[in-house]
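Protein chains in written order, with this note's numbering: chain A, 1 to 153; chain B, 1 to 362.
Next comes the structure, spelled out in C-alpha cells:
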C-alpha cells in the first residue's frame, strides 16, 4: 500500500528536476490529493494512465498494478516550480487528527497539536473520512474534522 | 551548438536588448508594438540584421505568436476573478475568464525579441528555446553621464554633494535623497597589514531607505570616518531594492508570512504581527524596518549576532532571493552568495503563479 509520502516526494523531486509530468500510484487517496492541488492551482492536469504514459483508455484496459496517475506540473516564467514543497504533517509514526477548532488555529498562524501552523500561501490537505478530502480552509467552512495529511507550498 | 548559436544571436542584437532593459516604465501600447514585430526584423535591429539573420537562419520562430489577435489583457479585478475559488463553473462564468491562448500578457509573457528558438537538426534532434529576461550579463550598462563622472571624482571627495550625485545616478530627485532614512549600523577601524606597518582605515555600514518600500545597505571604507560613512550611504542608495510590505486592513504594515534565513552563523527569524504591535526587534533589524516602512514586526537572531551578517540575512529575506536553479546561470557566471535563498514570496507573486486568489479566514 503506497504511503502518502510517496506522492509528496515524487512531486517535489519532479519539480526540482523540472519534469513536465510525473506518474504516481493510482489510488483513491492520491486522486483526492491531486484534485485538491488542481483546484488550488499547483498543478494543471491530472490524467489516468499506465506505466507507459497517460491514457484513460489504457487505464481501463490494464491491470491494477500497471495503473498510474499522471500529474502535469506548472512552472513560473523565471523557471521556478509553482509547487515548491509538499511535506507530510501526519506521519505513519505519529498520526495527527484535528477537530474544527484546531484546524482553525492551524490555518490562522497559531499552534495546534504541536505542529507548525500554515503560513500565507500554504495549503493543508485534510482527510475527513466519509466526508471526503478537503483543503483546511474549506474543511473549516464546513465544520469538518480529520487527519491533516500534508502541507503544500 | 545550440548554446553558442543562442549566445551569438543575442550578442549580435545587443542594441535592441539594451532598449528592452532600459525601458523600465513602458506603456501597454508600447509593449504590444514589440510583440507585433517579427524577431530580427524590427527597426532597431536593421544595423545588425545581416549578422542576426546569418546566425539565426535556423531559428525562425515556428509558432505564429505575432499572428494572434491582441485584444485585451487579464483584468486586475472583476467580480468573477475576485472570488477565491468559484464552486460552480457555468458557461457564463467561463466566458468571463480571458483565454490566455488568444493574447500575450505584457507581464507574464516575454517579448518575442528576447526569445531564441532553434529548430531540430540532425545533430540535435530536439528544438530548444532560450529566453533572456533582463540578464545583466547580456546587456551593456548605460555609460555614466558627464554629471555623475564630475560629481563622483575622488579627488574632490570633500566637496561631493550626496544629493546632487545620487540624483544623477539614480532615478531619485535631490529632494527624495534628502528625505531618505540613513542609519549607520557599523563604524569600526580596520587595519591592512603591510611590510611598512599597519595601514588603518575606517569601515562604515549604512542602511538607507525611503520609508515606503525601498531599502538597501552599503559599505564604505576611507581613512576619514565621515567620508567612509558618505561612501557607504552612496552605495546603500544605489543598492536599494523593493520590499513587499503587507498592508493589513487594520493598518498594519508588516511582512506577509513568517520567514527565516541563515547567513554564515547568523540565523534570523521574522514574524508578521498585527497593527499596533510595533517593532519588537533587535536594533539592526529595527533600522532596516524603519528605513523600509515596516511598522509591526517580531524578530529574533539566533547564533551569531554580527551586525554585518544580520543585515545580509534580513535583506535576503525582505528582498526575496533570486537564486537561479542549480546555483549558477550555466552560461559562465558563478553563483553569488548574495543571490542565494528564496526569501519572502509576495502575495501577488503566488496568486499569479497559481492563478488563484489566496483565501484568508479569521
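All residues carry an ideal CB built from backbone N, CA and C; glycine is no exception.
This one's a predicted model, so the numbers in the text were calculated from it and none came from an experiment.
Backbone CA spacing between residue 286 of chain B and residue 220 of chain B [nearest angstrom]: Here the question's residue 286 of chain B lines up with position 286 in the second chain. Here the question's residue 220 of chain B lines up with position 220 in the second chain. Rounded to whole angstroms, residue 286 of chain B to residue 220 of chain B spans 21 Å at the Cα level.
Members of the segment 122 to 146 of chain A that neighbour chain B once the beta carbon cut-off is set at 7 Å: 137, 140
Minimum Cβ-Cβ distance from residue 294 of chain B to chain A less than 9 Å: Within the second chain, residue 294 of chain B is the residue found at index 294, counting from 1. False, the Cβ-Cβ gap to chain A never drops below 9 Å.
Residue-chain proximity (residue 102 of chain A, chain B), Cβ-Cβ < 9 Å: Numbered from 1 along the first chain, position 102 holds the residue referred to as residue 102 of chain A. It does not: the Cβ of residue 102 of chain A has no partner Cβ on chain B nearer than 9 Å.
Top-ranked residue by Cα proximity to residue 20 of chain A, from A:150, A:121, A:79: What you label residue 20 of chain A is simply residue 20 of the first chain in a count that begins at 1. Selected option, being the one with the closest Cα: A:79.
For residue 228 of chain B: DSSP bridge partner residues: Numbered from its first residue, the second chain carries residue 228 of chain B at position 228. DSSP lists no partner for residue 228 of chain B.
Cβ pair residue 301 of chain B, residue 269 of chain B closer than 9 Å: Against the second chain, residue 301 of chain B aligns to sequence position 301. Against the second chain, residue 269 of chain B aligns to sequence position 269. In contact: residue 301 of chain B and residue 269 of chain B (Cβ atoms closer than 9 Å).
Host beta strand (DSSP E) of residue 69 of chain A (start-end): For this step, residue 69 of chain A is matched to residue 69 along the first chain. Taken as a continuous stretch (DSSP letters only), the beta strand (DSSP E) holding residue 69 of chain A covers 67 to 73.
Contact under 9 Å by Cβ, residue 15 of chain A with residue 119 of chain A: Position 15 of the first chain, counting from 1, holds the residue named residue 15 of chain A. Position 119 of the first chain, counting from 1, holds the residue named residue 119 of chain A. Result no, Cβ atoms of residue 15 of chain A and residue 119 of chain A do not sit closer than 9 Å.
Where the beta strand (DSSP E) through residue 188 of chain B begins and ends: As a position in the second chain, residue 188 of chain B is number 188, starting the count at 1. Segment 181 to 194, the beta strand (DSSP E) holding residue 188 of chain B.
Neighbour list for residue 29 of chain A in chain B, Cβ cutoff strictly below 8 Å: Reading the first chain from its first residue, position 29 is the one you call residue 29 of chain A. The contacting residues do not exist; residue 29 of chain A stays about 22 Å from chain B at best.
Interface residues of chain B facing residue 120 of chain A [CB-CB closer than 7 Å]: For the purposes of this step, residue 120 of chain A is taken as the residue at position 120 of the first chain. By Cβ distance, chain B contributes 256, 257, 347, 358.
Rounded distance between the beta-carbons of residue 111 of chain A and residue 361 of chain B, thought under 8 Å: The sequence position of residue 361 of chain B within the second chain is 361, counting from 1. The sequence position of residue 111 of chain A within the first chain is 111, counting from 1. Their Cβ separation, rounded to whole angstroms, is 17 Å, which puts residue 361 of chain B and residue 111 of chain A out of contact at 8 Å.
Status (buried if at least 16 other CB within 10 Å, exposed otherwise) for residue 146 of chain A: Stepping through the first chain from its first residue, residue 146 of chain A is reached at position 146. With 16 or more other Cβ atoms within 10 Å, it is buried.
Under the three-state DSSP convention, the category residue 125 of chain A falls into: Counted from its first residue, the first chain places residue 125 of chain A at position 125. Residue 125 of chain A: strand per DSSP, three-state reduction.
Residue closest to residue 262 of chain B, alpha-carbon to alpha-carbon, out of B:232, B:132, B:337, B:145: Against the second chain, residue 262 of chain B aligns to sequence position 262. Ranking the options by Cα distance to residue 262 of chain B, first place goes to B:337.
Residues that residue 96 of chain B bridges to, as DSSP identifies them: Numbered from 1 along the second chain, position 96 holds the residue referred to as residue 96 of chain B. Per DSSP, none; premise fails for residue 96 of chain B.
Chain B contact residues for residue 107 of chain A, given Cβ-Cβ distances below 7 Å: Working through the first chain from its first residue, we reach residue 107 of chain A at position 107. Near residue 107 of chain A (Cβ distances below 7 Å), the residues of chain B are 361.
Residue from B:275, B:127, B:79, B:99 whose Cα sits closest to the Cα of residue 249 of chain B: As a working mapping, residue 249 of chain B is identified with position 249 in the second chain. Selected option, being the one with the closest Cα: B:275.
Among B:203, B:90, B:115, the one whose alpha carbon lies nearest that of residue 131 of chain B: In the second chain, residue 131 of chain B corresponds to position 131, counting from 1. Minimum Cα distance to residue 131 of chain B is reached at B:115.
Coarse secondary structure for residue 335 of chain B, derived from DSSP in three states: Mapped onto the second chain, residue 335 of chain B falls at position 335. In this structure, residue 335 of chain B counts as coil in the three-state DSSP scheme.
Continuous alpha helix (DSSP H) assignments of at least 4 residues falling wholly in the segment 200 to 277 of chain B: 225 to 238
Where residue 307 of chain B sits in the DSSP three-state scheme: Position 307 of the second chain, counted from the start, is the residue given in the question as residue 307 of chain B. In the structure shown, residue 307 of chain B sits in a helix (DSSP, three-state: H, G or I).
Extent of the continuous beta strand (DSSP E) run through residue 43 of chain A: Numbered from its first residue, the first chain carries residue 43 of chain A at position 43. Unbroken beta strand (DSSP E) run through residue 43 of chain A: 43 to 50.
Cβ neighbours of residue 148 of chain A in the same chain (closer than 6 Å, five flanking residues each side left out): The residue given as residue 148 of chain A occupies position 148 in the first chain. Excluding positions up to five away in sequence, the list reads 89, 90, 96, 98, 124, 126.
Partner residues on chain A for residue 110 of chain B, Cβ-Cβ distance less than 9 Å: What you label residue 110 of chain B is simply residue 110 of the second chain in a count that begins at 1. Simply 77.
First and last residue of the uninterrupted alpha helix (DSSP H) at residue 24 of chain A: In the first chain, counting from the first residue as 1, residue 24 of chain A sits at position 24. Here residue 24 of chain A belongs to no alpha helix (DSSP H); instead the beta strand (DSSP E) covers 21 to 25.
Sub-9 Å separation of residue 318 of chain B and residue 255 of chain B beta-carbons: Taking the second chain and counting its residues from 1, one reaches residue 318 of chain B at position 318. Taking the second chain and counting its residues from 1, one reaches residue 255 of chain B at position 255. Yes; because the gap between Cβ atoms is below 9 Å, this pair is in contact.
Proximal chain B residues relative to residue 42 of chain A, where beta-carbon distance stays under 7 Å: In the first chain, residue 42 of chain A corresponds to position 42, counting from 1. Going along chain B in sequence order, the residues near residue 42 of chain A (Cβ under 7 Å) are 354.
Per-residue contacts from residue 82 of chain A into chain B (C-beta, under 7 Å): For the purposes of this step, residue 82 of chain A is taken as the residue at position 82 of the first chain. By Cβ distance, chain B contributes 353, 354.
Within 9 Å, strictly: CB atoms of residue 68 of chain A and residue 23 of chain A: For this step, residue 68 of chain A is matched to residue 68 along the first chain. For this step, residue 23 of chain A is matched to residue 23 along the first chain. Going by C-beta atoms, residue 68 of chain A is nearer than 9 Å to residue 23 of chain A.
Inter-residue Cα distance where the pair is residue 271 of chain B and residue 237 of chain B: One-based indexing of the second chain puts residue 271 of chain B at position 271. One-based indexing of the second chain puts residue 237 of chain B at position 237. Approximately 26 Å between the Cα atoms of the pair.
Distance, residue 227 of chain B Cα to residue 43 of chain A Cα: Along the first chain, read from residue 1 onward, the residue named residue 43 of chain A stands at position 43. Along the second chain, read from residue 1 onward, the residue named residue 227 of chain B stands at position 227. Spanning the two alpha carbons is a distance of roughly 54 Å.
The alpha helix (DSSP H) enclosing residue 168 of chain B, as first and last residue numbers: As a working mapping, residue 168 of chain B is identified with position 168 in the second chain. Run containing residue 168 of chain B: 162 to 169, per the alpha helix (DSSP H) assignment.
CA-to-CA distance, residue 214 of chain B to residue 195 of chain B, given in whole angstroms: Taking the second chain and counting its residues from 1, one reaches residue 195 of chain B at position 195. Taking the second chain and counting its residues from 1, one reaches residue 214 of chain B at position 214. The straight-line gap from Cα to Cα measures roughly 44 Å.
Residue 88 of chain A: first and last residue of the uninterrupted beta strand (DSSP E) it sits in: Within the first chain, residue 88 of chain A is the residue found at index 88, counting from 1. Counting along the chain, the beta strand (DSSP E) containing residue 88 of chain A begins and ends at 86 to 88.
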